[in-house]
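*Asks:* One structure, as structure tokens, below. Some questions next.
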Amino acid sequence: MTDLFDLLVKRGLKLPVFKYDLTTDRYILEKPGEINFEGTEEEIVRKISRLYSLSKLSIEEKGVVTLFMTFGVLKWNDPGFKTPYLSAPVVMVPCEFEKNKHTNQVSRINFFGEGIQFNPVLELLFREKYDLPLPQIEEIDSKNFNEIIEHLGNLKTQFTIWKVIPQCWIISLNPEMFVLYSDLGKMMQNTEALTHPLINAFSGVLSLSKSSTESVSSVPLVPILRADSSQRKILEMVREGENVVIHGPPGTGKSQTIANIIADAVAREKTVLFVSAKKAALDVVYNRLKNAGLGRFCLEIHSTRKSKQELMFDLKRTIDLLQNFQDVEQPADLLKQFEHLKNNLNNLLNSLHRTDHPLGMSIYDAISRLEGLKDYPVIHSLHLSSIAEISKERFEKILQLMEKLEQLADVYNESQHPWKGFKFSENILSYPLKVIEMLEYVKMNLKNMKQMLEKAGFTDIGNLRFEDFQKILYLLKSLKNVDVLPGRWFQVEIEELSTLREIVEILRKRKVLMKKYFQHTEKSIEEMTEILQPVERFSRSWLRILNPSYWKWKKFVNRNLRYPHNFEEIQRLYEISKNLIDTEIKYNDLKEKIPDQEFSFDEYRTKELEEIDFALIKLDIALKIRKKLPIKIIKNDLILTRVSKDLISRAIEILEDTQLKKYMEDLNRLWPDGFVGEKTLQTAPVDELIRKIDHLIANESKLHEWIQLQETLESLEKMELKTFIRSVEKEHVKNIRRIFEKSFYKQWIDNVCTLDKNLRDFSSERYEQDILTLEKAEEALRKRWVQYVKSLLAKKFRTILADTNHSQQIRILMRETQKKRRHKPIRKFLLEISDILRFVKPCILMSPLSVSSFLDLDKFINYFDIVIFDEASQLRTPEAISAVVRGKQIIVAGDPKQLPPTNFFKSYYELEDDEDEREPLDSFLDECIALPRVFKQGYLRWHYRSRDERLIAFSNHYFYGENPLITFPSPKYRNSDQGIKLVYVENGTWDRAGKRVNTMEALKVVDIVIEHFQKHPDRSIGVVTMNTSQSDLIENLLQRRLMEYPHLMDVIFKESNEPFFIKSLENVQGDERDTIIISIGYARTPSGELFYNFGPLNNEGGWRRLNVLITRARYQIILVTSLRSEDLSRANSENKGVAALRNYLKYAEQNCKLEFSESHEKPDDIISASIAQQLNDMGFLTDTSIGMGLCQVSVGIRDFEDPGRYKIGIIHDGKNHAMIQDVIDREVLKFKVLESLGWKLKRLWTIEWYRDSEKVLKSIIESLKINERYRPSQTRSNNL
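Using full-length UniProt numbering, you'd call the opening residue of the sequence shown number 1 and step up by one each time.
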């Protein structure tokens, strides 16, 4: 045993494996330096393989050495334990295995270099339970090794069994956990630790919302690494002094965010402690800070085996930098330019998508709607005043009316519509059907009147107008005194009837004159006229009385008269005689005008005067009727009997009916342009009126539609749309709503754009140049900011150097960094320079163990302004507490939807998969999330890892649905080397009762690994299994298979930042590779039975393990399984882990189609769809809305020469693009990520498309760089 110790420690040999001789009970060195183990070869190989994997994993993941070769075993009995005796190694030597690079088998074991220690468990027992003296040795070496063994063997104890056995073990232990135990013990004695606000919050004593009262920093927030908006939001929360939980799903830039938090804190002169149990997490953040230029100000002490010499060298380089760094001013000019550019770039999109116009619609919406209306004509005579100020309510009202008009298009276009001309008026009609009532009343009365007059003897009454009847109403009334009206009076021409009337009037006059004449004389008229003729001469002068002849003549006249007449009487008689002669002449003249057959004039000569007067009355009536009426209404003699006169009287009552007249007037108002054509009810013939009314009543069912039409038209006219409606051709009325929309949007867009400078002056060239300038400005700002931060630190350090208060610690620092060896222990050194450490290394990166190991509790309690935890979902609260009390503000990063804490060693080594019934432990992350008043929640949303969106889509839906991740589509839409590939192993079975492996599946995995490295030697790859047995089997099978492919050994096991690995599910969190091969392993047994026991997936939170498993790949997951989703259909639906596995298998089987896809609504992008359609029409193949989230590609044009890939992608500044509110995210980051995935992108601007779509299309085609010989339409059929 001593020889082995000397070989391993003193001489530092790398010892080959040797054998153990059971016969002599001792190790046999067949060759110098060779080590042998007891047991069968298979057992030894399995155990060494497990130990190698565990130690390697521990170093990589936690930076902790867990492989020890122990020397000496203390055996004793303790009544406090149930076992007969206890065994514990005495001296522990940290070691590491070394593999043969040719065979990849463990071949040697060697000393790690330092850290030999007495078993800390024994030390604890000796001190606290047994009260036994410990060996007084500070450092164990080959000289005092035997002294320790002898000391233990010679101790006087109370135990009956107490001896040291000279045995050596190779074992996996983590003795450094005792450091945490010790640190927690000291905290219990520290009042300041016990009263720490966060400790009280975790214990439920106190709840607080902020770690401190943080004043607004005067230092601008400038992330030194590119940050998306969700990351910047978290940075702002940290700046506000909040304790923050950072929810960081896989690939969302958690390390980037932490690096930015650290850089910003350093810029604000804060101290930071970054804690992670996983060394890889610290390394990632450190390397990012280093690459950015701030690595020198970070002190990494993850492992308790940290080299003192390395630490001092690191400090010395930092001091040299701080002492010599030149002053740099804050880049105020770049900050101003950067903000100005962001504002400018935001303005266009804000103008394009702002919906605070009175219309309640954005310009983008209007242009999109225009695009959908391109097949309709534009009416330019849309004269709407102040169109830009039209309200949403008014516009919607117009659209409703236009839509109603569309529905009534057939009514509008029906030139013979029965109700055409009718205009409903509430002032006239209390309800629409009132008009029917009125029409029926008018019809009934007109019809009755007509019938009565016709029965009375009138004809053609139907051709008369109501106004005609009103004209002859008084004449009709006069008929009551008439017995008959000769029909011939109404047949002759009215001139003849007038002549007849004159003749009768002459005859009446003659009869009156004759009566007077014969009262004077019996002479004939002619004789008497001749006798009386001198009266004309004598009447000229009164001197006649002097003339004898006068007297003689007078005497002669009187002799022919019945009685004597004086001169005046003779004069009157002369006039009568002359009149009689004149009337006779006139009578004869008039008779000549009328044919003899028309009238019998002699009958009137013989009639008495009364009869002639009666005839004249009738003639007057007839003449007036004839003159007032346009037609002849009497054909035969109108014999006016009592019955006929009664009929006429009833007709007159109708004509005088005030209700009838009112209704007719009202109806005229309801038909303002004419009831029958242009004629009113008064001016239209009665028959036409009755026919029209009959037609209207027969079409009563069409009244409602006509009223609707009229109301619609009237409403539109009130809205200034009369001219517009008249400008629309009748055949287009059925589309008038869309015609109006197009005309309106066109005019509205032009008006609003004229008023908005951003839209009016938009230039795509200038805008895209601004984006490039912004990108360059951001990059320049980051670089300048790093230099500025360095300058700040340098200034502060130089100030400290000149401060006498820190002179002693400065001397210690300078002295230790100048030494070549024999440096102070790290814990002691950090304690002695604690006051100035913050000015040299404002950020320290540690594991929970190294925090307890190196940071003295009393000195470093509340020392750090900010303590950041990473991978907190796998950190138990007791492990975190030591770091918590050393800080003021706590930032906790992790993913509660991934692996919970597990016992690292048990999970890997001690427990078999299906036997592990342990519940998952609560994590520090869970504890913090449970304190919402203490910790604000921040969510990282941009997912960068997956180079194919399908890799993350399942988790994004099933696990991150409440805060979905923003993902990016790949330009390769059909590629067998990315996405999820399902490999079904039909003959795979699960050896449940034996080795608990699926051999056929393991063989398939090995085949895939070999194929992968032959096809993609540059792609990193990892294999993950659901259990350690399967991973061990795959590793063994791969080792054997590689004997056939020796040339692949160097490829597979080459040194790399991402080496090939084979791990079980429990140990893969934090890893990522280009390709991940998943072996499910579980399957039906050889007998065909299926047991629903899937190891860790069956446990509470098993779905979290699956989430880890399926989110490790960048390019591809190859899912190797002997199960199909339907095999798990009977699994307990409440078992979320198994249910998630079933759903994932189904997802892979369905070629990554999620059943929820249709329920996820995407904003309509009409413009993109239009562009795609036009490109399709030109022979190209396109897809739209490529992707699942905010970072969709609007249009993808497929590459005919490279099937399965998009030649170019078009990003349109539509709603989906605008939903990314942050300008850096939207215009820079989104494009950067997509281009990194291989997209060739072209921007499409809505305003530019609106102005000249043909120019935009031409630009797109030019971007494709198609050869002239290329004809898309010719190749299309070959690429479907």
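No residue lacks a Cβ here, since even glycine has one placed at the ideal position from N, Cα and C.
Small disclaimer: the values here were computed from a predicted structure and weren't measured.
Within its chain, find whatever has a CB closer than 6 Å to the CB of ALA1083; leave out the 5 residues flanking it on each side and keep chain order.
*Replies:* So the list reads GLY988, THR989, TRP990, ASN998, SER1122 and LEU1123, once near-sequence residues are dropped.
*Asks:* How many angstroms separate the CA atom of LEU315 from the CA atom of ARG1226?
*Replies:* So the two alpha carbons sit approximately 41 Å from each other.
*Asks:* Under three-state DSSP, which class holds ILE1080?
*Replies:* It is coil, neither helix nor strand.
*Asks:* Does DSSP put ARG1215 in a helix, a strand or coil?
*Replies:* Strictly speaking, residue 1215 in this sequence is Lys, with Arg absent from that position. Helix at LYS1215.
*Asks:* Of all the options LEU1038, TRP706 and PRO900, which has the alpha carbon lying nearest to the alpha carbon of TRP419?
*Replies:* Ranking LEU1038, TRP706 and PRO900 by Cα distance to TRP419 puts TRP706 first.
*Asks:* Could you please give the first and the last residue of the uninterrupted beta strand (DSSP E) stretch that includes TRP76?
*Replies:* Unbroken beta strand (DSSP E) run through TRP76: 67-76.
*Asks:* Between which two residues does the beta strand (DSSP E) carrying ALA88 extend?
*Replies:* Start and end: 86-99.
*Asks:* Grouping DSSP H, G and I as helix and E and B as strand, with all else coil, what is ASP948?
*Replies:* Looking at ASP948 - three-state DSSP - the assignment turns out to be coil, as it is neither helix nor strand.
*Asks:* Closest by CA to GLY248, which one among HIS943, ASP948, TRP1249 and LYS75?
*Replies:* Nearest of HIS943, ASP948, TRP1249 and LYS75 to GLY248, Cα basis: HIS943.
*Asks:* Would you decide whether LEU899 is buried or exposed? Buried here means 16 or more other CB atoms lie within 10 Å of its CB.
*Replies:* Buried is the call here.
*Asks:* Measuring CB to CB, does PRO685 end up less than 8 Å from GLY462?
*Replies:* In this structure, GLY462 lies closer than 8 Å to PRO685 by Cβ.
*Asks:* Output needed for ASN445: all residues of its chain with C-beta closer than 7 Å, excluding positions within five of it in sequence on either side, in chain order.
*Replies:* Cβ neighbours of ASN445 beyond the five flanking positions: ILE654, ASP657 and LEU660.
*Asks:* From GLY33 to VAL106, what does the alpha carbon distance come to, in whole angstroms?
*Replies:* Note that GLY33 scores 49 on pLDDT, short of 50, meaning its location in the model is unreliable; the coordinates nonetheless yield the value given after this. Near 16 Å, if we compare the C-alpha coordinates of VAL106 and GLY33.
*Asks:* Three or more beta-carbon pairs under 8 Å between the region 864-871 and the region 269-287, yes or no?
*Replies:* They touch, by the three-pair rule.
*Asks:* Ignore the nearest five residues each way along the sequence and tell me which others in VAL179's own chain have a CB closer than 8 Å to its CB.
*Replies:* These residues qualify, in order along the chain: THR304, LEU849, SER852 and SER853.
*Asks:* Kindly indicate which residue of ASP582, ASP922, GLY1081 and HIS1047 has the alpha-carbon position closest to the one of ARG996.
*Replies:* Cα-wise, what sits closest to ARG996 is GLY1081.
*Asks:* Please list the terminal residues of the continuous beta strand (DSSP E) segment that includes THR499.
*Replies:* Here THR499 belongs to no beta strand (DSSP E); instead the alpha helix (DSSP H) covers 494-520.
*Asks:* What is the C-beta distance between ALA953 and CYS1152, in whole angstroms, given that I count them as a contact (C-beta under 8 Å)?
*Replies:* Correct: roughly 7 Å between the Cβ atoms.
*Asks:* Considering only their Cβ atoms, is the gap separating ARG1019 from THR1075 smaller than 8 Å?
*Replies:* Yes. Within cutoff.
*Asks:* Can you tell me which of the three DSSP states GLN256 falls into?
*Replies:* DSSP places GLN256 in helix when its eight states are reduced to three.
*Asks:* Would you check whether the ligand FMN has a heavy atom nearer than 7 Å to the C-beta of PRO595?
*Replies:* The ligand FMN is absent from the structure shown, which contains no ligands of any kind.
*Asks:* With a threshold of 7 Å on Cβ separation, who are the neighbours of LYS62 within its own chain once the five nearest residues in sequence on each side are excluded?
*Replies:* ALA277, LYS278, LYS279 and SER847.
*Asks:* Buried or exposed, going by whether 16 or more other CB atoms sit within 10 Å of the CB of LEU15?
*Replies:* So LEU15 counts as buried.
*Asks:* By the three-class DSSP mapping on this structure, what secondary structure does ARG1114 have?
*Replies:* Three-state DSSP puts ARG1114 in a strand.
*Asks:* List the endpoints of the continuous alpha helix (DSSP H) containing GLY1183.
*Replies:* The question names Gly, but residue 1183 is Asp in the sequence shown. Per DSSP, ASP1183 belongs to no alpha helix (DSSP H); it is in the beta strand (DSSP E), 1182-1186.
*Asks:* Could you pull the start and end residues of the beta strand (DSSP E) that LEU623 belongs to?
*Replies:* It is not in any beta strand (DSSP E) - LEU623 instead sits in the alpha helix (DSSP H) that spans 609-628.
*Asks:* CA-CA distance, SER834 and GLU240?
*Replies:* If I take the Cα positions, the gap works out to 26 Å.
*Asks:* So within the region 862-910, which uninterrupted beta strand (DSSP E) runs reach at least 3 residues, ignoring any that extend past its ends?
*Replies:* For the region 862-910, whole beta strand (DSSP E) runs of length 3 or above, ordered along the chain, are 864-869 and 887-894.
*Asks:* Since MET514 and LEU580 should fall inside the 8 Å C-beta cutoff, what is the C-beta to C-beta distance between them, to a whole number of angstroms?
*Replies:* Contact holds; Cβ gap of about 7 Å.
*Asks:* Would a C-beta distance cut-off of 8 Å place LEU647 and LEU667 closer than the cut-off?
*Replies:* Going by C-beta atoms, LEU647 is not nearer than 8 Å to LEU667.
*Asks:* Would the region 163-173 count as touching the region 63-72 if we require 3 or more Cβ pairs under 8 Å?
*Replies:* Yes, since at least three Cβ pairs between the region 163-173 and the region 63-72 fall closer than 8 Å, the two stretches touch.
*Asks:* Per DSSP, ARG1198 is paired with what?
*Replies:* Answer is TYR1206, bridged to ARG1198.
*Asks:* Need the endpoints of the alpha helix (DSSP H) that PRO120 sits in, please.
*Replies:* Run containing PRO120: 120-124, per the alpha helix (DSSP H) assignment.
*Asks:* Using 8 Å as the cut-off, can you tell me whether the region 424-431 makes contact with the region 717-727, which would need three or more C-beta pairs spanning the two stretches below that distance?
*Replies:* With the cut-off at 8 Å, the region 424-431 and the region 717-727 do not touch.
*Asks:* Since GLY1196 and ILE1186 should fall inside the 8 Å C-beta cutoff, what is the C-beta to C-beta distance between them, to a whole number of angstroms?
*Replies:* So it is a contact: roughly 5 Å between Cβ atoms.
*Asks:* Within a Cβ cutoff of 8 Å, which residues of the same chain sit near LEU709, ignoring the five residues on either side of it in sequence?
*Replies:* The residues are LEU405, LEU408, VAL411 and TYR412.
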